[in-house]
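Chemist:
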Amino acid sequence: MKKNLYTADATATGGRSGHVRSSDSVIDMDMSVPEGLGGRKGATNPEQLFAAGYASCFQQALIVITGRENIKLDPNSTVQCSVTLFQEGEAYGLSAVLDVDLKDMDQQKAIEIVNKAHQICPYSVGTRGNMEVELKVAGQPAAVPADNS
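Positions 1 to 149 (UniProt numbering) are the ones given, in order, by the sequence shown.
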């Protein structure tokens, strides 16, 4: 049974060169086309916001999985998320690479934990089948079952 836990609200004006504000004003910032595509310096873009959200959400999924398995997660572990905006014909799309560094954890165990986190992370669940997501552990590809990519 689905149980709603939280709803975030934000409003955008002016598209990629406009402004975004969350309903509680915690986010209240100018937006821009990425600087490399002719945008201005000092403003964020949707891809950066998506990458930050996905990285932090995936890190939380790792915390949940290691907690369930009574594994001590190094507090300095990191999730680096790269989100790519691409054009294919007339359409635009996104792809993501998650590079997880679980510090001193055995590589095989780290891959197992990362794949389990990928199964429960809301961003991973929400993008599954809709965008390409590549998983890496300490820079090395992490095998993802074909039906879960």
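Built from N, CA and C at the ideal position, the CB exists for glycine as well.
Less than 8 Å between the CB atoms is what I'm expecting for Met31 and Arg16, so what's the real figure, rounded?
Modeler: 6 Å
Chemist: So is Phe86 buried or exposed if we call it buried at 16+ other beta carbons inside 10 Å?
Modeler: Burial call: exposed.
Chemist: Compute the Euclidean distance between the alpha carbons of Cys81 and Gly139, then round it to the nearest angstrom.
Modeler: 12 Å
Chemist: Below 8 Å on the Cβ atoms is my contact criterion, and I expect Gly67 with Tyr123 to pass it. Report the Cβ-Cβ distance as a whole number of Å.
Modeler: That belief does not hold up - the Cβ atoms of Gly67 and Tyr123 are roughly 19 Å apart, past 8 Å.
Chemist: By DSSP's criteria, Ser22 is part of a beta bridge. Which residues make up the other side?
Modeler: Ala10
Chemist: Tell me which residue opens and which closes the alpha helix (DSSP H) that Glu47 is part of.
Modeler: 46 to 68
Chemist: So what does Glu132 bridge to, in DSSP terms?
Modeler: Ser95
Chemist: According to DSSP, Thr127 sits in a beta bridge with which residue or residues?
Modeler: According to DSSP, Thr127 bridges with nothing at all.
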